[in-house]
Structures are given as C-alpha cells and as structure tokens.
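These notes concern the structure reproduced below.
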DNA sequence: TTGAAAGCGCTAACAT
DNA sequence: ATGTTAGCGCTTTCAA
C-alpha cells in the first residue's frame with residue numbers, strides 16, 4: 031500500500047461498490063439529497079473517507095453544463111499592472127471562500143489573445159466570468175453576455191448590453207488630483223492617458239479638463255498624451271513632455287504603470303520632484319511610500335473591487351434572472367510628497 | 031438569426047449531421063488524422079466554420095484523462111510578490127503559445143488552501159502542474175509527483191522525490207550582495223530572511239554567512255531575523271533591527287516584499303539611505319530605479335524562470351518517462367544607490 | 001429509500 | 001475512408 035494509491039483518483043463507482051450501494055445513492059449522499067436513509071448515508075460517508083474520494087469536477091461540469099459551482103473565469107488585460115493583481119486577489123479570496131477555482135486569462139491587451147481565451151473559457155464551461163473588456167463595444171464579451179453566461183465587468187462596462195459592473199469614480203478621482211495640483215500653484219499640468227478607447231481613460235480626462243477649467247487654467251492639448259497603459263508608454267510620453275519647448279510643471283499619470291514609467295524618465299533626467307516637476311498618479315500601491323519621493327496618488331479600492339465583483343458573480347450564477355446592477359466605488363486622494 | 035445563436039455551443043453531433051458524416055469523421059478532421067478524404071475534410075471544415083464550432087474541452091479532458099494538451103495548473107505561494115507575477119507571466123506566455131490554459135491557484139502561504147487547490151487541480155484533471163511548494167518536504171506536492179502527474183517545481187525543489195526543478199543561484203546571489211556590502215565598508219550587516227523553512231531562505235543565509243566570513247566579519251545572530259516572506263514582516267523586523275542597542279549599518283533583505291517593507295520602516299524613521307543605513311534586496315523589480323533611493327538588488331530572471339518551467343512541463347507532459355532535470359539560473363547584482 | 005439507465009461531448013478501438 | 005460503439009464520471013429522471 032504505497033502512498034501512490036492515496037492519490038489515484040477513485041470514482042463514484044468504486045465508492046458504490048465498496049459501500050454496497052448504487053452510484054446514484056452515493057451521488058445523493060455527496061449532494062446532500064434528503065432522500066437517503068441515515069444509516070446508508072453514514073456508511074457511504076465512511077467509504078468516501080476511506081477511499082479519499084474527491085468528486086471529479088470535469089465530469090460534473092460536462093454533465094451539468096454550468097451552475098455546478100466550481101469554476102470561474104477571469105479575463106485580465108495586464109497582469110503586470112499591480113491594480114489588477116489586487117483585483118485578482120480580491121476575486122480569489124471570495125472564490126476560495128465559495129470553493130470556486132479560478133481560470134486566469136491575461137490577454138496583455140492583445141485582442142486576438144482575448145478572443146482565444148474567451149473561446150477557451152466557454153469551452154471549459156465556466157460557470158461565470160469576470161472581465162475587463164478592451165472597450166465599451168467589445169463584441170467578444172458582449173456576445174458572451176448575450177449568450178446568457180453570467181458575467182461581471184470590472185473597471186469598464188459594456189455599452190450595448192445590460193451587464194453587472196463594478197466601476198470606480200474615475201472622473202471625480204481625476205478631478206481631485208488635478209484640482210490638488212492646480213491649488214498647489216501648478217499651471218502647466220500634463221495628462222498622460224492610458225489607452226484612449228477605454229472609458230476609464232476618457233473619464234479621467236474629463237475630470238482633468240474640468241479641474242483645469244474650474245481653476246481657470248486653459249487646456250493645452252500638447253500637454254495631453256495618449257499611450258497604451260503600459261510602463262513603456264509612461265517612459266516615452268513623459269520624455270516627450272519634458273522635451274517640449276515649454277514643458278509641463280506637473281504630470282497627472284493615468285495609471286500606475288504610467289506613473290512608474292514617468293518616474294523613471296524623471297529620474298533619468300535628474301529632475302527633482304516636486305520642485306522641478308510634480309507628479310501625481312491615478313492608482314496607489316502599498317509601496318508608494320517607498321518611492322522617490324513618496325507618491326501622491328488617487329487610491330482605488332482594488333482589492334475591494336475584486337471582492338465585490340466575485341460576490342456579484344456568484345449571486346448572478348445562482349440567480350441568472352436577477353436585475354443587473356452597477357456599483358461605483360469611491361476613490362481617495364492620498365497626499366504624500368510628489369506634489 | 032440573432033447573434034445569440036453565434037454563441038450557443040455546437041457539438042460534434044451537430045457538425046456531423048449538417049455535414050452528412052459521422053461524428054468520428056468530424057473528430058478525425060479536427061484532430062488532423064491523415065485517414066480522411068480530402069473532399070470530406072473540406073466539407074467538414076466548412077461546416078465547422080459555419081457553425082463556429084469549438085471543441086468542448088471539458089468532454090475532451092473527461093475522455094482523455096490527461097495529456098490532451100489543454101490545461102496547466104499553477105500553484106503560487108503569494109501573488110502579491112512581484113517575483114511570482116513575473117514567473118506567472120513567463121508561464122502564461124509559453125502556455126499561450128502552446129494553446130494551454132492556466133488554472134491559477136494562489137495559496138497565500140496557507141497550507142490548508144494549498145491542499146484544497148491541489149485537490150481541485152487533480153479533480154480538474156490538469157495535464158500538469160507548476161508549483162512552488164511550501165518546503166522541501168511538502169507531502170502534498172510530493173504525493174502528487176508520486177502519482178505520476180507531470181510537475182515542475184520553481185524556486186524550491188522537493189527532497190524526497192525526483193522532480194524537474196528550476197532554481198536560482200540563491201547562495202551565490204546572496205554572497206555577491208553581502209560581499210558588495212562588506213567591500214563597501216559596512217560592518218554590521220543584518221539579514222532579514224523569508225520563511226525559514228524555505229530552501230531559498232536557507233541558501234541565501236548560507237551565502238550571507240559565507241560572505242561575512244570571507245570578509246572577516248564575525249556573525250552576530252541578533253542581526254539575523256526570520257519572517258514570513260511578506261511585506262509586513264519586512265516592516266516589523268526592520269523596526270526591531272533599527273531599535274537594537276547596536277543597530278546594523280546595512281540590511282540584506284531576503285526578498286522583494288521584505289525589501290519594500292524595510293524601506294517603509296526606514297523612511298518612517300526618517301533615516302537616510304545609504305549614509306545612515308544601507309540596504310540591498312534579493313530580487314529586483316523593473317521599477318526599482320524609481321525607489322528612494324534607486325535600489326541595489328540581486329536580480330533573478332523571474333520571467334525566464336516561468337518560461338523555462340512551462341517549457342519543461344510541456345516536454346514532460348509529452349514524454350512522462352524522460353529523465354528529470356534541474357536547472358539553475360544565474361543571478362545578477364544590479365548596483366544602484368542604496369549601498 | 002434505492003437502483004437502473006440515459007446522456008453530457010468526446011476519442012479510439014473495432015468493424016465495414 | 002468512414003461508421004458504430006463503448007466509456008470517461010457524473011446527475012437525474014423514471015421505476016421499483
């Protein structure tokens with residue numbers, strides 16, 4: 031009796047044989063069906079223990095098509111972005127609490143990859159999906175919603191379909207950041223945006239514009255740069271900005287990867303923050319305090335977003351007919367020393 | 031003809047019916063079996079396209095038990111650690127290239143969670159697993175290896191069983207870091223270790239000790255602190271160290287979360303790096319340059335480790351009998367301004 | 001209260 | 001070259 035046997039998967043059949051009952055009865059015991067004799071139940075449970083039986087999730091999913099409580103897909107645009115890592119953590123904690131496993135798909139902002147993963151997710155018969163679509167009109171995710179698969183969107187919604195969504199106050203958050211900059215006396219405030227087609231980028235830009243207007247600062251479109259939400263574009267666009275004949279005196283960075291990239295450029299140029307150039311980031315990181323200088327940032331409740339998304343998804347899986355909801359989370363301006 | 035129909039999963043059966051052939055023939059077409067008439071193949075392929083047919087991965091796995099080329103499990107101790115995020119990226123890229131999906135399990139250094147995930151992974155009939163076990167004698171992973179499931183370990187091996195493993199030169203890396211510190215004139219060099227039972231922690235400690243010896247510095251055990259590889263323990267242990275009657279003049283941090291935690295403490299105390307306290311981290315981050323001050327660190331090729339692990343796993347899935355191998359990756363000391 | 005059997009979608013052995 | 005069929009492990013009628 032080697033320990034190898036401990037790990038050979040035993041099936042319903044083996045349990046049934048050993049317990050001297052039919053597989054149907056074993057199945058009933060496992061699923062807590064009330065219609066089973068207490069004695070039989072005890073006997074079967076004992077055998078299940080002895081055999082270290084674990085139900086085969088694959089067979090279960092094949093049989094049940096869905097809603098069998100075991101697999102959730104997560105479609106993430108960029109795992110390098112600490113924001114999504116936190117969201118993922120939130121999702122994962124809730125999933126674990128509810129015995130769901132996660133199938134994680136990081137599509138790196140590549141639409142082809144997104145499509146492949148969506149196909150895979152579907153053909154894995156996931157019970158539901160948490161996704162951050164590439165844009166509001168993402169046909170791939172939209173179709174999936176239409177097909178009836180339970181879906182919760184995070185960070186970005188879908189325009190053409192009714193879907194649960196967890197958002198943050200992008201516009202307000204951006205406003206508070208830029209307003210802070212303006213009130214501190216900065217006049218030439220630049221905005222480095224993430225992917226322009228993202229609703230979040232647009233909303234943050236709106237907040238930026240409004241704050242400038244409210245503070246009587248004219249909008250200079252050379253100070254607005256659009257990137258791809260990645261570290262490299264933070265590096266590059268910050269460089270462009272700093273090389274301008276009349277460079278900005280402050281930068282509002284559209285996400286944390288961009289912030290990190292911009293910081294890199296600023297440091298390479300040997301500029302001092304905030305005396306030579308101020309910077310404020312959208313999205314905080316727990317180690318922002320250890321940056322040079324400690325970063326002022328708009329904090330999104332990323333972990334909480336993940337939790338809410340997962341909770342909502344489970345609710346929807348259990349009741350596909352429930353009305354859709356959209357939840358908007360607050361942001362918080364964390365003032366440190368970068369402006 | 032609503033777009034909803036586009037997403038209803040069609041089965042082999044439907045394709046077969048529509049194409050006027052048997053499901054076996056369709057299966058053959060899908061799996062590129064040579065034994066099929068070119069004309070038939072064309073006809074079937076057309077129907078597959080029309081119906082937007084995608085094979086059901088669940089049925090496939092149920093049927094094949096494993097080695098059907100589609101699902102890899104990843105068991106990660108801490109997704110908050112940027113090192114593992116990079117490893118994950120490497121794994122994911124290779125998986126994607128080979129059409130594997132990833133089922134991600136982050137057990138947050140919780141052994142119960144680890145066990146549950148291992149059970150799930152097994153009952154999902156994954157083709158293989160990439161894992162960073164909790165310690166060398168991790169029975170749970172060891173048993174799984176014995177059961178014959180293809181497994182590759184990263185960052186830490188398994189003592190009681192033969193298994194593929196991708197390691198880094200922990201001892202050399204630590205040595206180079208501490209040697210650098212010693213040569214720079216630091217005398218009281220502390221080591222904040224991650225979880226003591228991890229082979230990597232032990233190897234790094236060995237490198238630390240050897241470097242001290244080689245430089246004629248006596249080992250002071252009050253300067254060695256053991257934590258749990260997390261940010262908080264970096265914060266706390268650094269505090270303890272700094273509060274010592276005779277505090278260290280330099281800190282060697284056992285991993286990047288600890289480094290970040292230690293930095294936080296140092297900044298909170300208002301100490302200047304490196305004049306009042308030097309610090310060097312094991313494991314680099316791409317934004318280390320933007321830390322205060324730019325961090326000197328031992329760089330591990332994390333992304334590469336992930337890639338190699340996934341490549342090796344796929345090799346093993348395709349040939350379970352191949353001899354096991356262990357690969358040791360080099361580290362590199364990146365000198366910036368923190369010491 | 002329990003069992004027998006159909007069927008989820010697929011592959012592969014066997015038959016034609 | 002193609003079709004028929006058994007069976008992977010499970011849930012769920014339907015019968016007993």
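Residue numbers (the working numbering), protein chains in the order written: chain R, 31 to 369; chain L, 31 to 369.
Here a beta-carbon is modelled for each residue, glycine too, at the ideal position from N, C-alpha and C.
All figures in this text were calculated on a predicted structure; none of them were measured in a lab.
key: Cβ neighbour criterion (16 or more within 10 Å) applied to residue 141 (chain L)   = Counting from 1 along the second chain, the entry for residue 141 (chain L) is found at position 111. Counting Cβ neighbours within 10 Å, residue 141 (chain L) comes out exposed, since fewer than 16 surround it.
ask   = Any contact of the stretch 349 to 364 of chain L with the stretch 120 to 133 of chain L, i.e. 3+ C-beta pairs under 8 Å?
value = no
query = Cα separation between residue 101 (chain R) and residue 154 (chain R)?
reply = Taking the first chain and counting its residues from 1, the one referred to as residue 101 (chain R) is at position 71. Taking the first chain and counting its residues from 1, the one referred to as residue 154 (chain R) is at position 124. If I take the Cα positions, the gap works out to 9 Å.
query = Which stretch, first to last residue, makes up the beta strand (DSSP E) that contains residue 222 (chain L)?
reply = What you label residue 222 (chain L) is simply residue 192 of the second chain in a count that begins at 1. Per DSSP, residue 222 (chain L) belongs to the beta strand (DSSP E) from 219 to 223.
inquiry  = For a quick check, are the C-beta atoms of residue 259 (chain L) and residue 224 (chain L) less than 7 Å apart?
reply    = Residue mapping note: residue 259 (chain L) aligns to position 229 of the second chain, counting from 1. Residue mapping note: residue 224 (chain L) aligns to position 194 of the second chain, counting from 1. A contact, by the Cβ cut-off of 7 Å.
request  = Within the same chain, show all residues whose beta-carbon is closer than 8 Å to that of residue 104 (chain L), passing over the 5 residues directly before and after it, in chain order.
outcome  = As a first step, residue 104 (chain L) is located in the second chain; it is residue number 74 there, counting from the start. Excluding residues within five positions, the ones whose Cβ falls inside 8 Å are 118, 121, 132, 133, 134, 135, 159, 160, 161.
task = Classify residue 321 (chain L) as buried or exposed, calling it buried when 16 or more other Cβ atoms lie within 10 Å of its own Cβ.
result = Position 291 of the second chain, counted from the start, is the residue given in the question as residue 321 (chain L). It is buried - the Cβ of residue 321 (chain L) has at least 16 other Cβ atoms within 10 Å.
message = So with CB distances below 9 Å, who are the chain R contacts of residue 238 (chain L)?
response = As a working mapping, residue 238 (chain L) is identified with position 208 in the second chain. Within chain R, no residue comes near residue 238 (chain L); the closest Cβ sits about 23 Å away, beyond 9 Å.
request  = Scan the stretch 269 to 328 of chain R and note each continuous alpha helix (DSSP H) run of 4 residues or more that stays entirely inside, going in chain order.
outcome  = 286 to 298
key: chain R within 7 Å of residue 34 (chain L), Cβ atoms only   = Counting from one through the second chain, the residue named residue 34 (chain L) turns up at place 4. With a pLDDT of 34 at residue 34 (chain L), under the threshold of 50, the modelled position of that residue is not reliable, and the figure given next carries that caveat. It does: the Cβ of residue 34 (chain L) has a partner Cβ on chain R nearer than 7 Å.
key: Identified DSSP bridge partners for residue 194 (chain R)   = Within the first chain, numbered from 1, the residue matching residue 194 (chain R) stands at position 164. Beta-bridge pairing links residue 194 (chain R) to R:182.
ask   = Looking at the unbroken beta strand (DSSP E) that takes in residue 358 (chain L), where does it start and where does it end?
value = Start at 1 with the first residue of the second chain, and residue 358 (chain L) comes out as number 328. 356 to 359 is the span of the beta strand (DSSP E), which, as asked, contains residue 358 (chain L).
ask   = Assuming residue 166 (chain L) and residue 107 (chain L) make a contact with CB atoms under 8 Å, what is their CB distance in whole Å?
value = Along the second chain, read from residue 1 onward, the residue named residue 166 (chain L) stands at position 136. Along the second chain, read from residue 1 onward, the residue named residue 107 (chain L) stands at position 77. In fact, because the Cβ distance is near 14 Å, the residues do not count as touching under 8 Å.
ask   = Is residue 286 (chain R) buried or exposed, if buried means 16 or more other CB atoms sit within 10 Å of its CB?
value = Your numbering for residue 286 (chain R) matches position 256 in the first chain. Flag for residue 286 (chain R) reads buried.
query = Since residue 27 (chain L) is in the beta strand (DSSP E), which residue starts that stretch and which ends it?
reply = The requested residue 27 (chain L) does not occur in the structure, where chain L is confined to residues 31 to 369.
query = Nearest to residue 262 (chain R) by alpha carbon, out of R:68, R:150, R:185, R:290?
reply = For the purposes of this step, residue 262 (chain R) is identified with residue 232 of the first chain, where counting begins at 1. For the residues R:68, R:150, R:185, R:290, the minimum Cα distance to residue 262 (chain R) belongs to R:290.
ask   = Can you list, in chain order, the residues of the stretch 107 to 125 of chain R whose Cβ is nearer than 9 Å to any Cβ on chain L?
value = 109, 110, 112, 115, 116, 118, 119, 122, 123
inquiry  = Tell me the DSSP secondary structure of residue 365 (chain L) in three-state form.
reply    = Counted from its first residue, the second chain places residue 365 (chain L) at position 335. If DSSP states are grouped into helix, strand and coil, residue 365 (chain L) belongs with coil.
query = Is the CB of residue 131 (chain L) under 7 Å away from at least one CB in chain R?
reply = Position 101 of the second chain, counted from the first residue, corresponds to residue 131 (chain L). Closer than 7 Å: yes.
query = What does residue 92 (chain L) reach in chain R if we use C-beta pairs closer than 7 Å?
reply = Residue 92 (chain L) sits at position 62 when you count from the first residue of the second chain. Ordered by position in chain R, the residues that pass the 7 Å Cβ test against residue 92 (chain L) are 88, 89, 92.
ask   = In whole angstroms, what is the alpha-carbon distance linking residue 202 (chain L) and residue 326 (chain L)?
value = In the second chain, counting from the first residue as 1, residue 202 (chain L) sits at position 172. In the second chain, counting from the first residue as 1, residue 326 (chain L) sits at position 296. If I take the Cα positions, the gap works out to 16 Å.
task = Leaving out five residues on either side along the sequence, give the residues of the same chain with a beta carbon under 7 Å from the beta carbon of residue 37 (chain R).
result = Taking the first chain and counting its residues from 1, one reaches residue 37 (chain R) at position 7. With a pLDDT of 48 at residue 37 (chain R), under the threshold of 50, the modelled position of this residue cannot be trusted; read the value that follows with caution. Contacts found: none.
key: Secondary structure, alpha helix (DSSP H): runs of 4+ residues fully inside the stretch 115 to 163 of chain L   = 141 to 153
ask   = Which of the three DSSP states, helix, strand or coil, is assigned to residue 264 (chain L)?
value = Counted from its first residue, the second chain places residue 264 (chain L) at position 234. Three-state result, residue 264 (chain L): helix.
task = Flag residue 357 (chain R) as yes if its beta-carbon sits less than 7 Å from any beta-carbon of chain L, otherwise no.
result = In the first chain, the residue the question calls residue 357 (chain R) occupies position 327. Closer than 7 Å: no.
ask   = Is it true that the stretch 186 to 196 of chain L meets the stretch 241 to 257 of chain L, where meeting means three or more beta-carbon pairs spaced less than 8 Å apart?
value = no
query = Once you ignore the five residues that flank residue 53 (chain L) on each side, which residues in its own chain have a CB closer than 7 Å to its CB?
reply = Here residue 53 (chain L) is taken as the residue at index 23 of the second chain, counted from 1. Correct list, in chain order: 42, 43, 46.
message = Give me the chain L residues within the contact set of residue 143 (chain R), using Cβ-Cβ distance strictly less than 9 Å, ordered along the chain.
response = For the purposes of this step, residue 143 (chain R) is identified with residue 113 of the first chain, where counting begins at 1. Simply 126.
ask   = Do you know offhand how far residue 125 (chain R)'s Cα is from residue 340 (chain R)'s?
value = Within the first chain, the letter at position 95 stands for residue 125 (chain R). Within the first chain, the letter at position 310 stands for residue 340 (chain R). The alpha-carbon atoms of residue 125 (chain R) and residue 340 (chain R) are separated by roughly 7 Å.
request  = Please list the partners that residue 210 (chain R) has in chain L, where partner means a Cβ-to-Cβ separation under 8 Å.
outcome  = The residue given as residue 210 (chain R) occupies position 180 in the first chain. Going along chain L, no residue has its Cβ under 8 Å from residue 210 (chain R), so there is no contact; the nearest lies around 21 Å.
ask   = Helix, strand or coil: how does DSSP classify residue 81 (chain L) here?
value = Reading the second chain from its first residue, position 51 is the one you call residue 81 (chain L). Correct three-state label for residue 81 (chain L): coil.
Own chain partners of residue 231 (chain R) with C-beta closer than 7 Å, once the 5 adjacent residues on each side are dropped = In the first chain, counting from the first residue as 1, residue 231 (chain R) sits at position 201. Closer than 7 Å at the Cβ level, and outside the excluded window around residue 231 (chain R), lie 223, 224, 225, 284.
query = Whose C-beta lies closer than 7 Å to the C-beta of residue 60 (chain L) among residues of the same chain, with five residues either side of it excluded?
reply = Looking up residue 60 (chain L) in the second chain gives position 30. Answer for residue 60 (chain L): 85, listed in chain order.
key: Residues of its chain near residue 214 (chain R), where Cβ-Cβ distance is below 7 Å and the 5 sequence neighbours each way are ignored   = The residue given as residue 214 (chain R) occupies position 184 in the first chain. Result list for residue 214 (chain R): 369, in chain order.
key: Pairwise C-alpha distance: residue 150 (chain R) and residue 31 (chain R)   = Locating residue 31 (chain R) in the first chain gives position 1, where the first residue counts as 1. Locating residue 150 (chain R) in the first chain gives position 120, where the first residue counts as 1. Because the pLDDT of residue 31 (chain R) is 29, which lies under 50, any placement of that residue in the model is unreliable, and the number read from its coordinates should be weighed accordingly. In a straight line, the C-alpha of residue 31 (chain R) is about 39 Å away from that of residue 150 (chain R).
query = So which residues of chain L does residue 84 (chain R) contact, with C-beta pairs closer than 8 Å?
reply = In the first chain, counting from the first residue as 1, residue 84 (chain R) sits at position 54. In chain order: 149, 152, 153.
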